[in-house]
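So for the sequence shown, this note's numbering puts the first residue at 9; every next one is plus one.
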Amino acid sequence: MVLESVRQPLVYKTIPIPHPSPEQVLIKVIACGVCRTDLHVVDGELENPKLPLIPGHEIVGEVVQSGDEVTHLKEGDIIGVPWLGYACGRCPYCTRGQENLCENAGFTGYTIDGGYAEYTVAHHQFCFPLATQYANASGAPLLCAGLIGYRSYGMISENANKIGIYGFGAAAHILIQVAIYQKKKIYAFTREGDIAAQDFARSLGATWAGDSLQPSPEKLDAAIIFAPVGSLIPKALQDTDKGGVVICGGIHMSDIPSFPYRILWEERSVRSIANLTRKDGETFLNLAPKIPIQTETQLFSLQDANKALEFLRKGKIQGAAVLMMS
Ligand SMILES: [Zn+2]
Ligand SMILES: [Zn+2]
Numbered sequence: 009m010v011l012e013s014v015r016q017p018l019v020y021k022t023i024p025i026p027h028p029s030p031e032q033v034l035i036k037v038i039a040c041g042v043c044r045t046d047l048h049v050v051d052g053e054l055e056n057p058k059l060p061l062i063p064g065h066e067i068v069g070e071v072v073q074s075g076d077e078v079t080h081l082k083e084g085d086i087i088g089v090p091w092l093g094y095a096c097g098r099c100p101y102c103t104r105g106q107e108n109l110c111e112n113a114g115f116t117g118y119t120i121d122g123g124y125a126e127y128t129v130a131h132h133q134f135c136f137p138l139a140t141q142y143a144n145a146s147g148a149p150l151l152c153a154g155l156i157g158y159r160s161y162g163m164i165s166e167n168a169n170k171i172g173i174y175g176f177g178a179a180a181h182i183l184i185q186v187a188i189y190q191k192k193k194i195y196a197f198t199r200e201g202d203i204a205a206q207d208f209a210r211s212l213g214a215t216w217a218g219d220s221l222q223p224s225p226e227k228l229d230a231a232i233i234f235a236p237v238g239s240l241i242p243k244a245l246q247d248t249d250k251g252g253v254v255i256c257g258g259i260h261m262s263d264i265p266s267f268p269y270r271i272l273w274e275e276r277s278v279r280s281i282a283n284l285t286r287k288d289g290e291t292f293l294n295l296a297p298k299i300p301i302q303t304e305t306q307l308f309s310l311q312d313a314n315k316a317l318e319f320l321r322k323g324k325i326q327g328a329a330v331l332m333m334s
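What follows is the structure, given as structure tokens:
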């Protein structure tokens, strides 16, 4: 499924199977998650995508061919490919351990071709081995929704107990399982009147679930915003206790309205999360089978990628949308 120009539907077409470079593996894609970031790419909200582009950065697949310099992967390995498709290892950010901010980064399904396809290639050092239980659609949402949620969660103090999650989609339904496993209390804020999402949050162990415009029933130690809605930042600050932190997990948000300084005062802070490091991936993907995280997926065929994107746009996906290649 190819994005030929932004703000146009993806086009279903046959193209040659890509050849892996010496540092790449050729992957037969099993499943690829559909992430909100894909919508931002298709809608032209992220600048300068590769065009034409194959989107998709939550890839589960099998290695079918390896380049000459590939050392730690072999044919038959089940791997996951995330959003960070390449980091240079030399720029100031990489050398200080912030490869998520690399100046020369390549992003899967944005600046390099991704997984809305039967085959794709990926740099061998940016693939993660996957536990066998995730060698199917259920593994796909871990590769971005899970990872970004986990990185967001990692920015919260370990002492935080009452945690608000704003926007209860793919990332939230994974993160809540990690948080409950660690005995945290989760307060889930959804779109107004989204009873299904609120019930879903409670079924996964949320202490409370309600509309995002409602005040939190208790002051929160921390808040994580996944919905791309800038007005949730002042709302989350108002729900957050002294010294609390508000984390923005998304790559794009509508503008943030101005707000009085007093809701930020008392050492509250707001910060964003950008991309992921390989260390995030290794840590999270080691933890996932121990919990074990179970993802809720809504499956679509590859040809139905436009439909999956439209469902996501309208908030009609419970859990995560995933494209299946066969
Ligand atoms: Zn770099
Ligand atoms: Zn994503």
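C-beta: ideal position from N, C-alpha, C; glycine also.
Check                                                                                                                                                                         : Outcome
Taking the Cβ atom as the reference point for each residue, do residue 229 and residue 187 lie within a distance shorter than 8 Å?                                            : no
So does residue 104 have its beta carbon nearer than 7 Å to some heavy atom of ligand 3?                                                                                      : Ligands displayed in this structure: ligand 1 and ligand 2; ligand 3 is not among them.
Please find out if some non-hydrogen atom of ligand 1 comes closer than 7 Å to the beta-carbon of residue 112.                                                                : yes
Our contact map puts residue 30 next to residue 75 with C-beta atoms below 8 Å; I'd like the distance itself, whole angstroms only.                                           : 4 Å
Closest to residue 256 by CA distance: which of 280, 265, 249 is it?                                                                                                          : 280
Between residue 68 and residue 38, is the Cβ-Cβ spacing less than 8 Å?                                                                                                        : yes
Taking only three categories from DSSP, how would you classify residue 149?                                                                                                   : helix
Quick one: what's got a C-beta closer than 6 Å to residue 120's C-beta in the same chain, skipping five residues either side?                                                 : 93, 114
Quick one: does residue 308 have its CB under 8 Å from some CB of chain C?                                                                                                    : Annotation note: the requested chain C is absent from the structure, which comprises a single protein chain.
Ignore the nearest five residues each way along the sequence and tell me which others in residue 20's own chain have a CB closer than 7 Å to its CB.                          : 9, 311
With distance defined between alpha-carbon atoms, name the residue in 275, 129, 265, 295 nearest to residue 190.                                                              : 295
Any chance the region 154 to 161 sits against the region 261 to 272, with 3 or more Cβ pairs inside 8 Å?                                                                      : no
Roughly how many whole angstroms lie between the Cα atoms of residue 111 and residue 56?                                                                                      : 15 Å
Using only the alpha-carbon positions, how far apart do residue 17 and residue 219 sit?                                                                                       : 32 Å
Using the Cα positions of residue 139 and residue 51, report the straight-line distance between them to the nearest angstrom.                                                 : 34 Å
Is it a yes or a no for the region 126 to 146 touching the region 300 to 318, going by three-plus beta-carbon pairs under 8 Å?                                                : yes
Tell me whether residue 260 sits in a helix, a strand or coil according to DSSP, three-state version.                                                                         : coil
Please say whether residue 231 and residue 175 have beta carbons closer to each other than 8 Å?                                                                               : no
Between residue 129 and residue 238, what straight-line distance do the alpha-carbon atoms span, to the nearest angstrom?                                                     : 35 Å
Return the CA-CA distance between residue 245 and residue 53, expressed in angstroms with no decimal places.                                                                  : 26 Å
Can you list, in chain order, the residues of its chain with a C-beta nearer than 6 Å to that of residue 85? Leave out the 5 residues immediately preceding and following it. : 71
Would you say the beta carbon of residue 43 comes nearer than 7 Å to a heavy atom of ligand 2?                                                                                : yes
Does the distance from the CB of residue 328 to the CB of residue 316 come in under 8 Å?                                                                                      : no
Within its chain, find whatever has a CB closer than 6 Å to the CB of residue 34; leave out the 5 residues flanking it on each side and keep chain order.                     : 28, 72, 73, 129
For residue 70, write down the residues that DSSP places opposite it in a beta bridge.                                                                                        : 36, 86
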